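Protein chains in written order, with the UniProt record's numbering: chain C, 1 to 256; chain F, 1 to 256; chain E, 1 to 256; chain A, 1 to 256. As structure tokens, the structure follows; a few thoughts come after it.
Structure follows, in structure tokens:
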């Protein structure tokens, strides 16, 4: 029996093919960079999947063997099949962990699970980002101090169109004057969700130690305790019920 | 200018046409009963809408003039058009209040906003339901004491597949041995959502004073403060930014 | 019967007496400045109270007639009597609203209600503060746009030692590189609590329009719906109970 | 180095000495029963402490070596020293886990951390309690099915005077017609808190397998990730600040 944590890193994998700068930072794609640093954990087993594979690399076999799914998408959110999104959602609700990165704030799967717009302010520029640790006791932030900095990143600013997070982990300061809730968690069904802001494709963000540490911690935090398929059972009484006062003239037409 | 709270009561309106018992309780449909008791409030202006009307009675004109939408559906959730659901969701996110009743737990609009299964246990039987007030200071529960009882209701039982509520208002006790979170609120975007459990079609639940009081209170609580359409703006810096160290060899391909 | 909202503004009122700069900004004390702008609301009735009055100006008569209490303290938190803190806490739990300003983060009453350290980073300096609106639909933020700025303020930085807020309203950006959850709400018992960060005594913060607007809104938001004194009742069964199998040999010693 | 989870079980230990029925169920005290079943876990190291020991058995040495503290108290809450309560609170805020059982809802330490009344309805009677699992994915509920029953227990009923829980784990149904939030969690500072309702002293509740399972799981869930003492640092700027426009005529009186 395989007791390792099964991690699938999903990447749109388009910028890397069309933009030489991105290709120079992530020659084999961001998914490979992420899988490589996660693969250093002895108890993680890594797989990758990308948009242009059949079923986006997320067929039933892959999904049912994924404990934690990591998601990066941006320019092609609209090309992700609604049927696959529905299958991923089903897996999260039955227990699979989900880590959504950066521009994945607009991924269909993230919006479907949160139920909100997930909109924000943004600017591609020369901002420095400083991420403040607002919950130092959280498993995802172990090894991270009071704050860390990313020398250059795309700016994301408030208001961020999310439901109030279950746990507020990181808040970013940007040179240009904005703030952003950069790390936050939610539970949906039996699955745990972590959103982590950094990771613009034109910067080497996923090569940075603190970013790698947080994603690595998040995988362990998000692993499922259960796999409980959805059901809505007709359920017999556990205690005696009164007689039905209208038992004789009750309509016989069922309607559930 | 109309400063009344514009309320639209939406009802599937099918059980009333096919089931004589339901028709005897709600001769003009549940929506009419609900609109009638709400209409006694001097500051409420009532409209109704039903599944079989064009656009389910929820065209753009109606939706844009609705402050609070009440939703009852059951046997025909699947017949509600996805396009209408999307429009209703957009209105909630920009500020419209939404009150979801009873079997509306499985309405497309409720599941789309909460992001979860919204499944539960259920039993049509002779249970008495006693609803306990867990937040007596809440505006929705003013005029309700420690608890109230509904002589006979369908049972809904935990676990209820919802995200942790923002506010936990009511918990039900059922004769047959179950419990249920019968009143709860969430914020999604700029809109407020209230789920209220009672209202099985074969019982005269919406004729009961406490039930009417709670729905009446909920309308006032759910009225919007704002109407803010979704946007995701490119946003100029408010503070001076550093020079771009790579300004000369930056790729020119835009990607947002 | 008085149907106005009864507001009591409490101020430590010490800096104004010892520091000429503070005295020049608030010649009659911060409480008077705050009471004056709140007093412009036709439905607010204002009272002030200060540390050096008997019972700190908060005797039973005053407290029982206060709907919303505003609290500013800093250099003399330790001089506030524990007995008065206990009385204020009792009033909040039974329904009174509480608005805690700036250095009141370390007031005994705030720490007693939140249960945490309420610690933070701080710096008296030349920072500009920009407060971002993270919940534009909230009643407290009506009339406030995406953000507003305070030209010079003391810096407060994360981590802020508070329980996860019920509602996250404002996040501050500071020139020096920090962020802070500057507006947040909690419910404790039947009372509503709003913490609002700005208001260092050496700056004219409470003369600024946006700051006045937020405090004015907060009073209306925090007004009580109920006044429910604490009780812990022995409560008879509402449904038939089984016979006690050990009725005959049950010990007679009471223990509650 | 000791890498086991250090657990201290604290018990008031009075009922066992004065009430023969309680003594017959827990001859060596509830703390011993609880320590014995927890001691079966290979990675737990157990200690007990009781009210009548010096410093209630909770001197600095014990507290600083406790990862998770379990608390049962009832008839003598008032005899617990405020100084010890303050030390326990400090330890929770810096990271120690706390599990509060049954009548501990009224313990000074629980009320000090939650900030509310913690009041409830109650009845010593012949009720059966059925605890419904509202969050089956939670680590504390692993091995517990949809529900479990305790044949006879004291009734606790809503409203329960607690802040909205971070996680809602269990809701109880009682024969007599009440419901109660029987399992819930909060974070305070860096520490995790779990309240678990069952455990009236005249019933053999802590001998029941499901109850033992939940407390055993809760210890592992509550163990600290960090130990962070409180501080409130004066913090230098990380970014350049503007000149102070009033540098020359700034008052020199410090006030923090």
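For every residue, glycine included, the Cβ atom is placed at its ideal position computed from N, Cα and C. The model shown is predicted, which means the values in this text are computed figures rather than measured ones.
Judged by DSSP secondary structure, residue 140 (chain F) falls outside any alpha helix (DSSP H); it is assigned neither H nor E. Taking a C-beta cut-off of 9 Å against chain E, the contacting residues of the region 170–186 of chain A are 174, 175, 176, 177, 178, 186, listed in chain order. Within the region 34–119 of chain E, the runs of beta strand (DSSP E) at least 3 residues long that lie entirely inside it are, in chain order, 44–50, 68–72, 97–101. Chain-ordered, the chain C residues with CB closer than 7 Å to the CB of residue 235 (chain F) read 121, 122, 123, 157. Taking a C-beta cut-off of 8 Å against chain F, the contacting residues of the region 85–96 of chain E are 95, listed in chain order.
Of all C-beta pairs linking the region 233–243 of chain F to the region 162–170 of chain F, fewer than three are shorter than 8 Å, placing the two stretches out of contact. Assignment of residue 187 (chain C) by DSSP, reduced to helix, strand and coil, places it in the strand class.
The DSSP-derived three-state label of residue 16 (chain E) is helix. Taking a beta-carbon distance threshold of 9 Å, residue 117 (chain F) counts as an interface residue toward chain C. Interface criterion met: the Cβ of residue 231 (chain A) is under 9 Å from a Cβ in chain E. Non-local beta-carbon contacts of residue 6 (chain C) in its own chain, meaning distances under 6 Å to residues more than five positions away in sequence, involve 45, 65, 66, 67 in chain order.
The Cβ atoms of residue 19 (chain F) and residue 50 (chain F) do not sit closer than 9 Å to each other. Cβ-Cβ distances below 6 Å link residue 119 (chain E) to 161 in the same chain, with the five nearest sequence neighbours on each side left out; the list follows chain order. Three or more Cβ pairs closer than 8 Å define a contact, and the region 191–209 of chain A falls short of that threshold against the region 128–135 of chain E. The count of Cβ pairs closer than 8 Å, one atom from the region 75–86 of chain F and one from the region 210–225 of chain F, stays below three, leaving the stretches out of contact. Per DSSP, reduced to three states, the secondary structure at residue 8 (chain E) is strand.
Nearest in C-alpha terms to residue 96 (chain C), of all of C:16, C:230, C:193, C:59, is C:193.
Within the DSSP bridge table, the entry for residue 192 (chain E) names E:187 as partners. Taking 8 Å as the upper bound for CB-CB distance, residue 157 (chain E) and residue 179 (chain E) are in contact here, some 7 Å apart. Boundaries of the beta strand (DSSP E) around residue 123 (chain E): 121–123. Membership of residue 215 (chain F) in the alpha helix (DSSP H) is indicated by the continuous run 209–222.
Cα atoms of residue 101 (chain A) and residue 195 (chain A): separation of roughly 6 Å, rounded to the nearest angstrom. Per DSSP, residue 174 (chain F) is one residue of the beta strand (DSSP E) stretching across 167–174.
In chain order, 84 place their CB closer than 6 Å to the CB of residue 56 (chain E), counting only its own chain and leaving out the 5 sequence neighbours on each side. Taking all protein chains shown into account, residue 207 (chain F) has fewer than 16 neighbouring C-beta atoms within 10 Å of its C-beta and is therefore exposed.
Non-local beta-carbon contacts of residue 148 (chain F) in its own chain, meaning distances under 7 Å to residues more than five positions away in sequence, involve 131, 210 in chain order.
Cβ-Cβ distances below 6 Å link residue 103 (chain F) to 74 in the same chain, with the five nearest sequence neighbours on each side left out; the list follows chain order. C-alpha of residue 8 (chain A) to C-alpha of residue 154 (chain E): approximately 43 Å in a straight line. Excluding sequence positions up to five before and after residue 58 (chain F), its CB lies within less than 6 Å of the CB of 49, 84, all in the same chain and listed in chain order.
When F:26, F:69, F:190, F:177 are compared, the shortest CA-CA separation from residue 141 (chain E) is found for F:190. If you check each beta-carbon in the region 196–225 of chain C against every beta-carbon of chain A, the ones closer than 8 Å belong to 224, 225.
With its beta carbon less than 9 Å from one in chain A, residue 160 (chain F) belongs to the interface.
In terms of beta-carbon proximity, residue 164 (chain F) lines the interface with chain A, with at least one pair separated by less than 9 Å. Chain-ordered, the chain C residues with CB closer than 8 Å to the CB of residue 242 (chain F) read 126, 128, 175. At a cut-off of 9 Å, the C-beta of residue 146 (chain E) has a neighbouring C-beta in chain C. Close to residue 239 (chain A), with beta-carbon spacing below 7 Å, are these residues of chain E in chain order: 175, 176, 177.
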